[in-house]
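Position 251 of the sequence shown, counted from 1, bears residue number 257 in the numbering used here, the numbering being contiguous throughout. Ideal placement from N, C-alpha and C gives every residue a C-beta, glycine not left out. Okay, so here's the structure we're looking at.
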Amino acid sequence: MIPEGLSHRATPLVDVYDRPLKSLRLSVTDRCNLRCKYCMPEEDYAWLPRETLLTFEEIHQLVGIFTEVGIDKIRLTGGEPLLRRNLPALVRMLSQHAGIKEIALTTNGVLLEEQAQSLFEAGLHRVTVSLDTLRPERFRALTRRDTYDRVLAGIDMVRKVGFPSLKLDTVAIKGFNDDELVDLVEYGKRIQAEVRFIEYMDVGGANEWSLDQVLSKAEILAALGCVYGPIEPVRENSSAPAQRFRLPDGTVFGIIPSTTTPFCATCDRSRLTADGMWYLCLYAKQGIDLREPLRLGALDEVRARIRQGWQMRTDRGAEERKALEQASARMRFIAIEKLRQDPHLEMHARGG
């Protein structure tokens, strides 16, 4: 038995393609207070039953087991993670694990102003805020909510509190925000945040994704290059999904090109849903149940499922989706009917 707070790193856990298990995206709720068209376009969903959601103590216990096999980075996600009551308490618990080097949070920012200080004091290291437009009317059309000012207030509070790192994630969509790339970069400069443009991904099934809406990495670089001049790649050894670039004035921004340039070969992340289903790939249609053995007290079975699951991992979901383009078969990932039958199949349930 490994004492709490310690991690066993003698045998790093790798999959079939020698990819290590290093990063865990931890969903704390499948619910959200926005209804973004590219993610949760419907008003009503089949929510995970509340009694199935992991308690903070159960999450803490699972993370301890994950550190034994190499996990050292945690990202809290949702849904919208700040909807989970008393989230700073969970951050404080997770920070007790000596094996965890970084606890990060991805949020839509609506509730961030009121929680940023307590999250910082609890030990949260880094914040990423989703911000797809700087135009209030577009924000309202995209999210079907009138909370744009609250998001900006939350971003301001992150800087005031003193978080050393702030990132802004923007899903780049043709015909929607492709004329705001420069505006977003300039906004990032003003608030000392790194902007990351994300290619529109065909995950879930309710978002009616189509390839002609994808603003590619090449198109993003071309558009910014026309304004700023030569853009250089940042050379670094990292398994992070974002490819980083530097403008002539030194400003760094990122692009996550999952749709046109999948990074499956170096992917070291997995996803744990709020009710304890473990997914080895964003595109995985089946997960591994960790809640059942955990609640039975069968911790060795939890360890076995994690070890066996990752060692047998062959997932290269984004590459497989990309390959479908040659046959013009890259259609909707999951049918709406199946989504209604299994809420885990929507990305908001697994921390997309």
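Between D185, C287, C45 and Q198, which lies nearest to M318 when the distance is taken from Cα to Cα?
-> By 1-based counting over the sequence shown, the position of residue 318 is 312. Per the Cα distances, C287.
Return the CA-CA distance between A310 and I226, expressed in angstroms with no decimal places.
-> For the purposes of this step, residue 310 is identified with residue 304 of the sequence shown, where counting begins at 1. For the purposes of this step, residue 226 is identified with residue 220 of the sequence shown, where counting begins at 1. Taking the straight line from one Cα to the other gives about 43 Å.
For I327, does the three-state DSSP call read helix, strand or coil?
-> Taking the first residue of the sequence shown as position 1, residue 327 is located at position 321. In the sequence under discussion, the amino acid at residue 327 is Arg, which differs from the Ile named in the question. Here R327 carries a helix assignment [DSSP, helix/strand/coil].
Return the first residue and the last residue of the beta strand (DSSP E) that Q249 is part of.
-> Taking the first residue of the sequence shown as position 1, residue 249 is located at position 243. Element bounds for Q249: Q249 to R252.
In three-state terms, what does DSSP make of M283?
-> Numbered from its first residue, the sequence shown carries residue 283 at position 277. Secondary structure of M283 (DSSP, three-state): strand.
When the distance is taken between beta carbons, is F72 closer than 9 Å to S27?
-> Locating residue 27 in the sequence shown gives position 21, counting from the first residue. Locating residue 72 in the sequence shown gives position 66, counting from the first residue. One point to set straight first is that residue 27 is Leu, not Ser, in the sequence displayed. Judged by their CB atoms, L27 and F72 are nearer to each other than the 9 Å cut-off.
Do the CB positions of L2 and M283 come within less than 9 Å of each other?
-> The requested residue 2 does not occur in the structure, where the chain is confined to residues 7 to 358.
Pick from G115, F269 and E64: whose alpha carbon is nearest that of E6?
-> For the chain, the structure presents residues 7 to 358; residue 6 sits outside this window and is missing.
Every unbroken beta strand (DSSP E) within the segment 228 to 267, with a cutoff of 3 residues, ordered by chain | 249 to 252 and 258 to 262
Give the DSSP bridge partners of H79, in chain order.
-> By 1-based counting over the sequence shown, the position of residue 79 is 73. The sequence shown places Lys at residue 79, rather than the His named in the question. Answer is S29 and E108.
Count the other CB atoms within 10 Å of the CB of L302; is the residue buried (16 or more) or exposed (fewer)?
-> Reading the sequence shown from its first residue, position 296 is the one you call residue 302. Exposed: under 16 other Cβ atoms inside 10 Å.
Cβ distance (whole Å) where K173 is taken to contact R202 below 8 Å | Locating residue 173 in the sequence shown gives position 167, counting from the first residue. Locating residue 202 in the sequence shown gives position 196, counting from the first residue. By a beta-carbon distance limit of 8 Å, K173 contacts R202. Their separation comes to about 6 Å.
Span of the beta strand (DSSP E), counted from its first residue to its last, around R277 | Taking the sequence shown and counting its residues from 1, the one referred to as residue 277 is at position 271. Per DSSP, R277 belongs to the beta strand (DSSP E) from R275 to L278.
Sequence-distant residues of the same chain with beta carbon closer than 6 Å to R277, five excluded per side = Residue numbering aside, residue 277 sits at position 271 when the sequence shown is read from its first letter. The answer, listed in chain order, is R31, Y285, R356 and G357.
Spatial distance of P247 from P55 (CA atoms) | Indexing the sequence shown from 1 puts residue 247 at position 241. Indexing the sequence shown from 1 puts residue 55 at position 49. In a straight line, the C-alpha of P247 is about 32 Å away from that of P55.
For E119, the first and last residue of its enclosing beta strand (DSSP E) | Here residue 119 refers to the residue found at position 113 of the sequence shown. Note, E119: premise wrong, no beta strand (DSSP E); alpha helix (DSSP H) at L118 to A128.
Could you check if N243 is buried or exposed, using at least 16 other CB atoms within 10 Å of its CB as the buried criterion?
-> Numbered from 1 along the sequence shown, position 237 holds the residue referred to as residue 243. Its Cβ having fewer than 16 others within 10 Å, N243 is exposed.
Report, in whole angstroms, the separation of the C-beta atoms of V188 and L230, which I expect to be a contact under 8 Å.
-> On the sequence shown, position 182 is the one that residue 188 refers to. On the sequence shown, position 224 is the one that residue 230 refers to. Their Cβ separation, rounded to whole angstroms, is 7 Å, which keeps V188 and L230 in contact under 8 Å.
Just confirm the distance between the C-beta atoms of D175 and I204, as a whole number of angstroms; I'd bet it's less than 8 Å.
-> Against the sequence shown, residue 175 aligns to sequence position 169. Against the sequence shown, residue 204 aligns to sequence position 198. Right, the Cβ-Cβ distance comes to about 6 Å (below 8 Å), so this counts as a contact.
Out of G256, V220, W215 and R250, state which residue places its alpha-carbon closest to the alpha-carbon of G235.
-> On the sequence shown, position 229 is the one that residue 235 refers to. Looking at the Cα atoms, G256 is the closest of the given residues.
Work out the CA separation of R156 and L89 for me, nearest whole Å.
-> Counting from one through the sequence shown, the residue named residue 89 turns up at place 83. Counting from one through the sequence shown, the residue named residue 156 turns up at place 150. Looking at the backbone, the Cα of L89 and that of R156 are separated by about 15 Å.
Give a yes or no on whether the minimum CB-CB distance between A290 and chain D is below 9 Å.
-> Among the chains of the structure shown, chain D does not appear; only one protein chain is present.
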